[in-house]
Amino acid sequence: MNFLIGAFKPACNISITFSDGKSRKQVPMKKENGKTIMVSLFQSKESIAGKVSIEPLQGKKIEHLGVKVELLGQIEMYFDRGNFYDFTSLVRELDVPGDIYERKTYPFEFSTVEMPYETYNGANLRLRYVLKVTVSRNYGGSIVEYQDFIVRNYSPPPSINNSIKMEVGIEDCLHIEFEYNKSKYHLKDVIIGKIYFLLVRIKIKNMDLEIRRRESTGSGANTHVETETLAKFELMDGAPVRGESIPIRLFLSPYELTPTYRNINNKFSVKYYLNLVLVDEEDRRYFKQQEIAIYRQQDS
Amino acid sequence: MLLIGAEDEEKWLAEGIAGIQHNAFYLHRALDSNNLRDALKYSAQMLSELRTSKLSPQKYYELYMRAFDELRILEMFFKDESKHGVSVVDLYELVQHAGNILPRLYLLCTVGSVYIKSKEAPAKELLQDLVEMCHGVQHPIRGLFLRSYLAQISRDKLLDIGSDYEGDAETVMDAVEFILENFTEMNKLWVRMQLEGPGRVREKREKERSALQELVGKNLHVLSQIEGVDLEIYKETVLPRVLEQVVNCKDDLSQYYLMDCIIQVFPDEYHLQTLEMLLAAFPQVQPTVDIKTVLSRLMDRLSKYAASSADVLTEFLQVEAFTKLSNAIEKVIKMQVDMPAVGAITLYVSLLTFTLRVHPDRLDYVDQVLGACVKKLSSIPKLEDRWATKQLVALLSAPLEKYNDTVTALTLSNYPRVMDHLDNGTNKVMAMVIIESIMKNNTCISTADKVEVLFELIKGLIKDLDGATDELDEEDFKDEQNSVAKLIHMLYNNEPEEMLKIICIVWKHIMAGGPKRLPFTVPSLVFSALRLVRQMQGQEGDIVGEEVPATPKKIFQLLSQMIEALSAVPSPELALRLYLQCAKAANGCDLEYVAYEFFTQVFVLYEEEIANSKAQVTAIHLIIGALQRMNVFNVENRDTLTHKTTGYSARLLKKPDQCRAVYACSHLFWVDGQDGIRDGERVLLCLKRALRIANAAQQMASIARDSSGPLTLFVEILNKYLYYFEKGNKQITAAAIQHLIELINTEMQSDSATSDAFLASTLRYIQFQKQRGGVMGAKFESIKL
Chain A
1 MNFLIGAFKP
11 ACNISITFSD
21 GKSRKQVPMK
31 KENGKTIMVS
41 LFQSKESIAG
51 KVSIEPLQGK
61 KIEHLGVKVE
71 LLGQIEMYFD
81 RGNFYDFTSL
91 VRELDVPGDI
101 YERKTYPFEF
111 STVEMPYETY
121 NGANLRLRYV
131 LKVTVSRNYG
141 GSIVEYQDFI
151 VRNYSPPPSI
161 NNSIKMEVGI
171 EDCLHIEFEY
181 NKSKYHLKDV
191 IIGKIYFLLV
201 RIKIKNMDLE
211 IRRRESTGSG
221 ANTHVETETL
231 AKFELMDGAP
241 VRGESIPIRL
251 FLSPYELTPT
261 YRNINNKFSV
271 KYYLNLVLVD
281 EEDRRYFKQQ
291 EIAIYRQQDS
Chain B
1001 MLLIGAEDEE
1011 KWLAEGIAGI
1021 QHNAFYLHRA
1031 LDSNNLRDAL
1041 KYSAQMLSEL
1051 RTSKLSPQKY
1061 YELYMRAFDE
1071 LRILEMFFKD
1081 ESKHGVSVVD
1091 LYELVQHAGN
1101 ILPRLYLLCT
1111 VGSVYIKSKE
1121 APAKELLQDL
1131 VEMCHGVQHP
1141 IRGLFLRSYL
1151 AQISRDKLLD
1161 IGSDYEGDAE
1171 TVMDAVEFIL
1181 ENFTEMNKLW
1191 VRMQLEGPGR
1201 VREKREKERS
1211 ALQELVGKNL
1221 HVLSQIEGVD
1231 LEIYKETVLP
1241 RVLEQVVNCK
1251 DDLSQYYLMD
1261 CIIQVFPDEY
1271 HLQTLEMLLA
1281 AFPQVQPTVD
1291 IKTVLSRLMD
1301 RLSKYAASSA
1311 DVLTEFLQVE
1321 AFTKLSNAIE
1331 KVIKMQVDMP
1341 AVGAITLYVS
1351 LLTFTLRVHP
1361 DRLDYVDQVL
1371 GACVKKLSSI
1381 PKLEDRWATK
1391 QLVALLSAPL
1401 EKYNDTVTAL
1411 TLSNYPRVMD
1421 HLDNGTNKVM
1431 AMVIIESIMK
1441 NNTCISTADK
1451 VEVLFELIKG
1461 LIKDLDGATD
1471 ELDEEDFKDE
1481 QNSVAKLIHM
1491 LYNNEPEEML
1501 KIICIVWKHI
1511 MAGGPKRLPF
1521 TVPSLVFSAL
1531 RLVRQMQGQE
1541 GDIVGEEVPA
1551 TPKKIFQLLS
1561 QMIEALSAVP
1571 SPELALRLYL
1581 QCAKAANGCD
1591 LEYVAYEFFT
1601 QVFVLYEEEI
1611 ANSKAQVTAI
1621 HLIIGALQRM
1631 NVFNVENRDT
1641 LTHKTTGYSA
1651 RLLKKPDQCR
1661 AVYACSHLFW
1671 VDGQDGIRDG
1681 ERVLLCLKRA
1691 LRIANAAQQM
1701 ASIARDSSGP
1711 LTLFVEILNK
1721 YLYYFEKGNK
1731 QITAAAIQHL
1741 IELINTEMQS
1751 DSATSDAFLA
1761 STLRYIQFQK
1771 QRGGVMGAKF
1781 ESIKL
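Chains A and B, in that order, are what the protein sequence lines are.
The numbering of the first sequence is my numbering, which starts it at 1 and goes up by one.
The numbering of the second sequence is my numbering, which starts it at 1001 and goes up by one.
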């Protein structure tokens, strides 16, 4: 039995470590199986360096046709699961064909790697970065090991950041004016604003502010759009009267937001909207949606 | 939704309470294990129970109190950073992540209170933030409770802020601003409650709203408790803002309650200093608001305040409180066209009370108030409303009570005009009150003018008022007229001339009262006049030679007029007595012919009017008594009168009456004193005649088998004999007495009557005189028993 088990076991253990792994920031990442693991965090134009060590099992030797490490940036569409589109692919040859008898360590480095897109886990696709080590063999198939890492890119605060201010209404029924203090928010930002009731002829029950994420994939006729409500934040309880001004203060930090992504590699876009919803006593909904841009700001 | 049964409501409340308890349990667990995340989660869930719309305010309050208790525990936890390790700044953000607004804001307020206490951020900004964020809850009941929670939880901090940093006006203002803001918003929500729901449940709504009024008023209460709120801040900020809100909300319930609240919670001194501003708001409220009650309360408070110490009175004068109040009342009455008369009168009563307390010396103010009242009432001739009448009586009674001196009321020109508006019954009651007041304070009314006014006031008692057709209770009538009679005695002046005037005026008035009243009032007036006569008699020396308008003669003329009126009522017996009194007075004044005239009247009355035999007996005895004491008559006149008297005596109906009258007549001929007549012969004649009549009576009695009466007569006559014997009447001899005693004894034996106590004691007296010795003893010695 032992023999049988041994037969299905890979012939060696491959481990990939980052050279600054101890000091580098670790962030949680959800795996396909639902488990959350901590992985290293990088940003574009950083050098990714580390070591790959290969340890054959119990003194067995590994005959190989070469060892290489690849840095891959991939987009996977869920309707086409398992089929990765690589938008970035860098390779470092670590070893020429030969035999490995004992534990062997290879340093590697990808310097100033362009990683323009962020790691993203969406409804219909994901974008991931991974280090892939391949020990090529003639028989028994190649031995492959992956190490995920996460890329986040920071933006400077936008130079122009106007408030969103708008007057909307239904004639002789409801007239409101709302204002959000900015049009571009960073992920830990607070939306400040107010809603001013100019005319109220309907019995409003409550008013919510929703944050909606619109993820569109594909292009042209094949465009597929998925909208998700990430936050539902009650702004007002009860019926206001004319002249009432309701404050908005919504902290973005509790929600799992990403920056706005526009046309990533011609594959997808992720946009965010603020949706102001008024519900009347007969549960009719009146709403107004406004796009906001979200960016990632360097933590100070 | 309209027909929510009480049962259903109970059920929902029970569910809500269960929900709170359930989450509170986990909350406590989280707190015990210092788990902030869970604490926030369960507290938010717990507070979600308060999002219900199904409960009435009372039930909601119950639910709220449950949650409130739990929040106090949570607050303690928040306060202790060592337990949860999160700074209060972060905590302040953290609680705002809650998705539902109501739990979010409750938590925010809770943390906010801790935050303020920590002083890590300016209290002003935090308070501003909290009160601003609470705008999110627009549901009236939920909003009211939330803001009430905010007020409650920030209360101690505010008091600290307002009082701790003494002299730092800015922090005080922060606290004040916060409360005012919260108050304004709460009031808006409260007013809005009224507009919710269909009109049918309006009444129910109103009831529910009243239940919540204290939540709103609490803010004002806190304001009044902040030490830093001095008069200046109150005047510049607090009052104008509150009043603005009151006026602008245009809601009956709110305006009424808040105005009242302002008056009750803030010190009187402030009211006094801001009177103008406060009063300016009154005419601006809705016409349907019962503002008079509030205004009355204000005046009551102020008048009490004025009464509290003499120092504050000067302040009242400085701010011209009376003028301001009086103007305000006028305006309010003008604005509130539909205000019933009772409302206006109530206002005037309050103003009057105020005036009497604050300006007791300003009678013109009192008159002014009454005048204003008359003006208001000018459209209604007589008040029908029972309450209004009551208030009017209160209005009229107030000055009487205050001044303890009805004379003061008499100088108020508007007083009688107000009284005119009372219905007849009440008018009488009021008149009685006036009289009682005079009697109680023993007020002497001493000038003719005042008497004139007074009688004008009490004319309800003096004469039949127009349209008074209802039959009166006999007892009441008697009481009333007796009061008037008493009152007449209170009218007095030392100056005869003035006194005469007074008497004339009273006479004029009571004459108008008709025959029903005269028997009650005339005697008083007569005696009052007689007193004047006697007084003049005493002063005679002083007024000799002067041309005096008030002479006894004149008075006697007047008197005879009065009594004549009385005899026309007819009330002859009373008239007779009064004539006799007058005759006596005339006797005192040495006016023979006047006295004679009075006696003439007496006999005329006796002859023409007194028919009842019993009355005749009484009258005869009265005449005898009076006549005996007259000493002005010359012999001729006296003879005429005594002759008449004895004649009438002998013609009485019953024998015993005849007998007694006749022996009484004997006194007419025997007057003690220096120049008294002592006509022993005629005395004897009278007595003998009496004996004859007694004999006749005896015979009649024996026929009728009635023995007791005549014997008594004999003993009575015996007593007369003894009297004159002692007095030294020569005609009465011991022999005659002895003869009479024997006669009596025989009568007794023949009658076999039992021994008579009267006789026994008479005999004992003779015995006593005998044994006494001396002149008298010697005299009696000759009588043999």
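C-beta atoms are modelled at their ideal positions from N, C-alpha and C, and glycine is treated no differently.
A straight line joining the alpha-carbon of Val-1131/B with that of Val-1246/B spans about 20 Å. The CB of Leu-1102/B comes closer than 9 Å to the CB of Glu-234, Asp-237 in chain A, given here in chain order.
Within 10 angstroms of the beta-carbon of Cys-173/A lie fewer than 16 other beta-carbons, which makes it exposed.
Restricting attention to Lys-1390/B, Ser-1413/B, Asp-1338/B, Pro-1122/B, the CA atom closest to the CA of Gln-1368/B is found in Ser-1413/B. Your pair Ile-1510/B and Leu-1530/B does not check out as a contact, with CB atoms roughly 16 Å apart and the cut at 8 Å. The alpha helix (DSSP H) runs of length 4 or more contained entirely in the stretch 231-296 of chain A do not exist; there are none. Counting along the chain, no alpha helix (DSSP H) covers Ala-221/A, and no H or E run does either. By the CB criterion at 9 Å, Arg-1051/B and Arg-1142/B fall inside the cutoff. DSSP, read as helix, strand or coil, puts Glu-1185/B in helix. Burial is judged here by how many other beta carbons sit within 10 angstroms of a residue's own beta carbon; Ser-40/A has at least 16 and is buried. Inclusion of Glu-1206/B and Leu-1253/B in the CB contact set at 9 Å is warranted, their separation being smaller than that value. Close to chain A, meaning a Cβ-Cβ distance shorter than 9 Å, are the following residues of the stretch 1165-1194 of chain B: Lys-1188, Leu-1189, Arg-1192. For the pair of segments examined, the stretch 1567-1585 of chain B was found to touch the stretch 1593-1610 of chain B: the number of CB pairs separated by less than 8 Å reaches three. By the neighbour-count criterion, in which a residue is buried when 16 or more other Cβ atoms sit within 10 angstroms of its Cβ, Lys-1119/B is exposed.
Going by DSSP, Cys-1249/B is part of the alpha helix (DSSP H) stretching over 1239-1249. Taking the Cβ atoms as the reference, Gly-193/A lies roughly 4 Å from Tyr-180/A, within the contact range of under 8 Å. A residue is called buried once 16 or more other Cβ atoms fall within 10 Å of its Cβ, and Ile-16/A is buried on that count. Within chain A, the residues Pro-247, Arg-249 have their CB atoms less than 9 Å from the CB of Met-1133/B, given in chain order.
If you look at Asp-86/A, you'll find it in the beta strand (DSSP E) that goes 84-95. Runs of beta strand (DSSP E) with 3 or more residues, each lying fully within the stretch 28-63 of chain A, are found at 36-42, 48-56, listed in chain order.
Below the 8 Å Cβ cutoff, chain B contributes no neighbours of Val-277/A, its closest Cβ being approximately 13 Å away.
Neighbours of Pro-254/A in chain B, taken as residues at a C-beta separation under 7 Å, are given in chain order as His-1097. Put simply, the backbone Cα of Gln-1481/B is about 45 Å away from that of Val-1715/B. Restricting attention to Glu-1497/B, Glu-1495/B, Ile-1503/B, the CA atom closest to the CA of His-1489/B is found in Ile-1503/B.
Under the Cβ distance rule, Pro-1057/B does not count among the residues neighbouring chain A, no pair being separated by less than 9 Å. Assignment of Ile-160/A by DSSP, reduced to helix, strand and coil, places it in the coil class. Annotated three-state conformation of Cys-12/A is strand, per DSSP. Just so you know, the alpha carbons of Ser-1113/B and Tyr-185/A end up roughly 30 Å apart.
Chain-order list of chain B residues neighbouring Pro-240/A: Gln-1138, by C-beta distance under 7 Å. Shown here, Gly-1112/B sits in a helix according to DSSP, grouped into three states.
With its beta carbon less than 9 Å from one in chain A, Arg-1142/B belongs to the interface. Per DSSP, His-1509/B has no beta-bridge partner at all. The residues Gln-1628, in chain order, have a CB closer than 6 Å to that of His-1667/B in the same chain once the five nearest residues on each side in sequence are set aside.
For Gly-1425/B, the enclosing alpha helix (DSSP H) begins and ends at 1424-1441.
For Ser-1303/B, the enclosing alpha helix (DSSP H) has its first and last residue at 1291-1308. Cβ-Cβ separation between Val-1429/B and Ala-1394/B: approximately 12 Å, too far for a contact (criterion under 8 Å).
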